[in-house]
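Peer 1:
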Amino acid sequence: MVSKQNTYNKKLGRPIQILFLCYLGFLCVLSGLFFYLMWRQTKAEVETELAYQNQLALRSTDSIFNYFESALDVVGRRLAELDQQNKINESYQLIQQINAINEGMAGFGLARTDGQLLIVSNLNPDQPLPNLLDNPANVESFQTTLDRPGLHPGRTYYMETLGTWVIPVRLALRNPNEITRYVMTAGLNIMGGNTAWQTVHWSEKTLFQVIRNQDGYIQFQNPIAPTLEYEDIYNQPISAAQMEWLRTKTPTTHDTTVTYWNVPWSMTAEQNVSTPQVVNVTYLPAYDFYLVVSQPMSLVWQRWLTNVQINLIVMTLLIGLSVLVYFYVRQLQSQAQTDWIYHATHDLLTGLPNRLFLSDYLEQVIAQAQQQGSLVGIFFIDLDHFKRVNDSFGHNMGDKLLQDVGQRLRLTFEPQIMVARQGGDEFIVVSAPTNDHEGIEDIARQVIQQFREPFLIQQESITITPSIGVSIFPIDAQKSFDLLRHADTALYNSKDNQRGMYLFYNEGMNQVVQRRFQVENALRCAVERKELQVYYQPKIDIIQGQVVGCEALVRWFHEELGQVSPAEFIPIAEDIGVIDQIGAFVLQTACDHWATFQTMLGHEFRLSVNVSAKQLLNTNVVELVQAAIAFYQIPPHALVIEITESVFIHDFLHTRKLLQRLSSLGVSISIDDFGTGYSSLSYLNRLPVSELKIDRSFIRDILVDENDAKLAQSIINLGLTMGVEVIAEGVETAAQAELLQAYHCRYIQGYYISCPLSFKAFQEFLRQHSYSLDYDRIPLT
């Protein structure tokens with residue numbers, strides 16, 4: 007059953023799981039869309055910032071070099087004039103003044119076309135001046151300055167005389183004939199922090215680089231990591247791959263920037279140190295520079311995370327909360343499913359497994375027994391006369407009794423042996439696989455034993471017995487359905503033979519069940535098909551020797567079943583609910599025939615009709631009798647209603663009330679089968695009884711059994727004492743009749759007088775109504 011329960015759980019949980027996954031998917035898609043849009047926004051912001059900073063750097067570069075070009079041209083021409091006039095001191099003073107007002111300048115100098123410096127700021131005029139061409143870093147830019155007009159920046163280098171890193175800028179001073187006479191040179195101090203590039207407000211961890219196109223050397227870089235030296239930056243070119251990337255990706259038009267993502271750009275000039283960067287580049291044709299502004303991708307990601315962190319936290323909490331809600335709902339659903347499955351597979355009243363659970367359990371046990379080659383016992387238990395408990399104490403007491411029975415069986419057998427409720431007052435016990443046949447029978451004995459102790463319910467002690475039918479796998483059947491059916495068959499036979507016992511199934515029991523099934527089906531239509539007949543057995547006054555009445559008895563002749571005994575079909579009629587219909591038929595038919603019998607005899611004739619215990623439970627029995635009396639014009643005192651002592655074990659107050667109502671109509675009440683042990687003197691005193699019928703079981707051995715004789719005599723004396731008539735039924739011999747007469751029993755009934763006769767045969771009997779003990783017995787007809 008566990009495997010099926012898991013299957014049920016999975017099937018029932020799948021809709022919520024699908025719904026949750028759809029919701030989670032929607033939430034993830036929505037989150038992904040939001041994060042993607044935020045990434046696009048972050049990228050746009052970064053691109054805008056880098057482009058703006060690069061444009062600002064571009065403007066600063068133009069400003070720097072335009073300023074230098076103008077300053078060098080003016081100062082240089084003045085220095086050239088002073089040099090021609092050999093005014094060395096004035097030249098030195100001028101250059102010192104210019105240098106003082108330009109903090110970003112490392113120094114000014116004037117050189118001849120052969121590279122020899124003529125005057126340098128910050129140096130004593132008396133000191134020897136170096137030749138610019140002695141430094142290899144100056145050769146190319148110096149030569150370019152001589153060849154082409156305009157300002158020409160040289161490679162950044164370390165100027166030992168000044169003790170700083172400088173960017174050399176040179177301007178050729180030409181005469182009106184465009185002949186170069188001097189070269190004005192200056193050094194832009196990149197370590198002073200006062201250049202226009204260094205005053206730009208750069209974003210965090212943003213790297214700005216000015217790279218020379220002609221040789222790949224870095225002209226300027228800001229910032230320089232603390233772990234690096236200036237030599238690492240300026241004394242070697244960038245990698246050929248990076249240079250090729252710049253030349254390929256950078257627009258050649260002035261004032262145009264473009265941004266690239268995930269570029270493996272180096273933070274230094276070393277070729278092997280590179281991290282993914284977002285790079286904005288532009289080209290400055292006037293000086294053949296590439297301006298590069300870069301930022302690590304990790305910083306962009308951090309910026310994006312900063313932008314989305316609140317939303318990310320909200321989304322994470324929302325997803326986490328959704329997961330918690332989902333698992334909580336799943337737990338509630340799982341519990342609800344477990345409860346539903348429990349209620350679907352267990353009896354709500356007793357808590358025991360029901361037929362659905364039993365079916366699956368039997369399949370598992372049988373499969374296990376097949377593998378082991380063992381036996382399994384199935385015990386079908388029915389509580390005897392359980393309806394009497396409901397009728398006497400009410401259905402609440404009946405339900406409580408079923409609960410106590412289930413609890414007692416469960417405590418006795420579980421967990422090794424399974425106990426289930428089949429329905430109503432029926433229980434099923436299934437043994438574990440075993441090889442011990444005797445052990446299976448022991449279980450049946452234990453069930454019987456458990457019912458020997460009364461059940462105490464609401465201070466009422468109730469004793470009830472079980473009838474048990476037992477079938478065994480694989481002896482009686484291989485399938486669970488057949489095993490249950492055979493156990494049920496054995497149960498029917500147990501109840502028919504003797505209640506409160508167990509029977510093992512055998513093949514012959516099927517005939518009994520089949521017979522009962524045939525009788526049940528045929529009996530339902532017996533009245534409509536006029537298969538039922540009323541027979542009459544005479545009652546004799548042995549003192550006067552005359553017929554004083556008769557007992558109406560029902561007989562059933564079926565074209566296929568033949569003559570069916572009342573002992574067989576009456577209990578079945580009570581079980582299937584047609585006893586009221588049959589009782590009404592007998593009463594009405596007998597009342598109709600009474601007038602004929604009365605006319606033939608000419609003296610008082612009393613008609614006895616049996617009413618079963620179940621008929622008495624039907625409150626309209628009084629109305630039925632009253633209607634028959636009125637319709638058939640039978641005097642009420644001529645009608646005797648016979649009841650059995652068993653009616654007293656149902657609801658005594660209800661029975662007494664009905665009998666009083668019947669007695670008030672004028673009819674007589676007779677207790678049939680008196681002496682079987684149900685009634686008591688206290689009951690007799692409280693009931694309107696006018697007749698006692700001694701049970702035939704006491705008459706049968708009255709001549710040979712002293713106890714039966716004494717009991718019969720005691721009943722006769724009791725009747726005489728109470729002033730009620732006593733009739734001995736089942737009289738079969740003259741000797742029995744003589745002894746009863748000696749005991750002062752006046753009325754007898756039995757085969758000694760006549761067997762039950764049909765309507766016509768009884769009329770013939772009445773024609774010979776005079777009867778005495780000296781006469782020969784009337785032949786049975």
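Numbering-wise, my numbering comes out as the position in the sequence shown, counting from 1, plus 6. C-beta: ideal position from N, C-alpha, C; glycine also. Everything numeric in this text was worked out from a predicted model, so none of it was measured.
Could you compute how far the alpha carbon of Ala247 sits from the alpha carbon of Ile224?
Peer 2: 15 Å
Peer 1: If you scan the stretch 120-158 from start to end, which runs of the alpha helix (DSSP H) of 4 or more residues do you find wholly inside it?
Peer 2: The stretch 120-158 contains these whole alpha helix (DSSP H) runs: 142-153.
Peer 1: Using the beta-carbon count (16 or more within 10 Å), is Ala573 buried or exposed?
Peer 2: exposed
Peer 1: Where does Arg530 sit, in a helix, a strand or coil, going by DSSP?
Peer 2: coil
Peer 1: Considering only the alpha carbon of each residue, which of Pro460, Phe363, Asn503 lies closest to Val435?
Peer 2: Phe363
Peer 1: Hey, would you say Ser674 sits closer than 7 Å to Glu697, going by beta carbons?
Peer 2: yes
Peer 1: Which of the three DSSP states, helix, strand or coil, is assigned to Asp221?
Peer 2: coil
Peer 1: Note down, one range per segment and in chain order, each alpha helix (DSSP H) of at least 4 residues found wholly within the stretch 585-667.
Peer 2: With a minimum length of 4 residues, the continuous alpha helix (DSSP H) runs that stay inside the stretch 585-667 are 585-607, 619-622, 627-638.
Peer 1: What does DSSP give as the partner residue(s) for Tyr98 in the beta ladder?
Peer 2: For Tyr98, DSSP assigns no beta-bridge partner whatsoever.
Peer 1: Using CA atoms only, rank isn't needed, just tell me which of Thr605, Val554, Ala63 is closest to Tyr613.
Peer 2: For the record, residue 613 in the displayed sequence is Leu; it is not Tyr. With distances taken between Cα atoms, Leu613 lies closest to Val554.
Peer 1: With three or more C-beta pairs closer than 8 Å as the rule, is the stretch 367-381 touching the stretch 484-493?
Peer 2: yes
Peer 1: Inspect the beta-carbon positions of Leu78 and Met190 and report whether they are closer than 7 Å.
Peer 2: yes
Peer 1: Tell me whether Cys556 sits in a helix, a strand or coil according to DSSP, three-state version.
Peer 2: strand
Peer 1: Going by DSSP, what residues sit across from Glu791 in a beta bridge?
Peer 2: No answer is possible for residue 791: the residues shown for the chain start at 7 and end at 787.
Peer 1: Could you tell me which of Phe71, Glu513, Phe680 sits nearest to Pro174, measuring between CA atoms?
Peer 2: Residue Phe71 is the option with its Cα nearest to Pro174.
Peer 1: Quick one: give me the first and last residue of the beta strand (DSSP E) that Ser477 is part of.
Peer 2: 472-479
Peer 1: Going by DSSP in three states, Ser500 sits in which element: helix, strand or coil?
Peer 2: helix
Peer 1: What did DSSP end up calling Phe768 once you bin it into helix, strand or coil?
Peer 2: helix
Peer 1: Assign Asn278 to buried or exposed, taking buried as 16 or more other Cβ atoms, counted over all protein chains shown, within 10 Å of its Cβ.
Peer 2: Residue placement at Asn278 is poorly supported in this model, since its pLDDT is 45, which falls under 50; the coordinates are not used for a value here.
Peer 1: Any idea if Arg180 is buried or exposed, counting beta-carbon neighbours within 10 angstroms, 16 or more meaning buried?
Peer 2: Exposed.
Peer 1: Whose CA, out of His609, Arg530, Gln452, lies closest to the CA of Gln550?
Peer 2: Closest option to Gln550, Cα to Cα, is His609.
Peer 1: Could you give the distance in angstroms between the alpha-carbon of Gln409 and the alpha-carbon of Ser720?
Peer 2: If you draw a straight line from the Cα of Gln409 to the Cα of Ser720, it is about 44 Å long.
Peer 1: Determine, using beta-carbon pairs with one atom in the stretch 238-245 and one in the stretch 33-46, whether at least three such pairs fall under 8 Å.
Peer 2: no
Peer 1: Between the C-alpha atoms of Ala275 and Phe74, what's the straight-line distance to the nearest angstrom?
Peer 2: Bear in mind that the predicted position of Ala275 carries a pLDDT of just 46, short of 50, making it too unreliable to give a figure here.
Peer 1: Using beta-carbon positions only, say whether Ile470 and Tyr508 come within less than 7 Å of one another.
Peer 2: no
Peer 1: Please state the DSSP three-state secondary structure of Gln484.
Peer 2: coil
Peer 1: Using alpha carbons as the reference points, say which of Tyr689, Ala743, Tyr163, Ala178 lies closest to Ile196.
Peer 2: Tyr163
Peer 1: Cutting at 8 Å between CB atoms, please list the residues of its own chain near Glu466, excluding the five before and the five after it.
Peer 2: Phe399, Met403
Peer 1: I need the DSSP call for Thr330, collapsed to helix, strand or coil.
Peer 2: The residue you asked about is not Thr; residue 330 is Leu in the sequence shown. Helix.
Peer 1: Using three-state DSSP, classify Val382 as helix, strand or coil.
Peer 2: Three-state result, Val382: strand.
Peer 1: Roughly how many whole angstroms lie between the Cα atoms of Lys501 and Val518?
Peer 2: 12 Å
Peer 1: Suppose the cutoff is 6 Å on Cβ atoms and the five residues either side in sequence are ignored; what does the same chain contact list for Gln3 look like?
Peer 2: The chain is shown from 7 up to 787; residue 3 falls before or after that span and cannot be answered.
Peer 1: At the level of alpha carbons, what is the spacing between Leu235 and Trp171?
Peer 2: It is Glu, not Leu, that sits at residue 235 in the sequence shown. Computed Cα separation, rounded: 12 Å.
Peer 1: First and last residue of the alpha helix (DSSP H) that includes Asn92?
Peer 2: Neither: Asn92 is in no alpha helix (DSSP H) and is coded neither H nor E.
Peer 1: At which residue ranges does the stretch 409-479 contain complete beta strand (DSSP E) runs of 3 or more residues, listed in the order of the chain?
Peer 2: 424-429, 432-436, 461-463, 466-468, 472-479
Peer 1: Looking at the ligand GTP, does it come within less than 6 Å of Trp45, judged from the CB to the closest heavy atom?
Peer 2: Ligands are entirely absent from the displayed structure, and the ligand GTP is therefore not among its contents.
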